[in-house]
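Quick notes on the structure that follows.
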Amino acid sequence: MKKDIHPDYRPVVFRDTNSGEEFLTRSTMQSKETCTFEGSEYPLVKVDISSTSHPFYTGKMKYVDSAGRVEKFQKKYAKFAKKKTADAAE
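Residue numbering for the sequence shown follows the numbering used here, starting at 1289 and increasing by one per position.
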């Protein structure tokens, strides 16, 4: 294996921004932020969704809409629904 070409694989704290939950794992992700976790200081990586806030794991359907994606989808396909109802009425 070549030396000095692989990223540093080290303990990193991931924080779910929706639930505030933190968990420690190992990763190669880089971060300028740090936090104290269980008495030690680790690099901090913030994530939008983790297993503590994802609807599949929590059983709660919650829309996480960061850029109006749900509304954009509904608007895009609403015209097809109107066309189907108009065709069915004829």
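Note that CB positions come from ideal geometry on N, CA and C, so glycine has one too. Since the structure is predicted, the reported quantities are computational estimates derived from the model, not experimental observations.
In the three-state reduction of the DSSP assignment, E1359 falls in the helix class. Sequence-distant partners of R1303 (beyond 5 residues in either direction) whose C-beta falls short of 8 Å from its own C-beta, in its chain, are E1309, E1310, C1323, L1332, V1333, K1334, V1335.
Under the DSSP assignment, T1322 falls in the beta strand (DSSP E) whose first and last residues are 1322-1325. Looking at S1338, S1319, S1307, the one whose alpha-carbon comes closest to that of D1296 is S1319. Taking the Cα of I1293 as reference, the smallest distance to any Cα among V1301, T1316, T1305 is reached at T1316.
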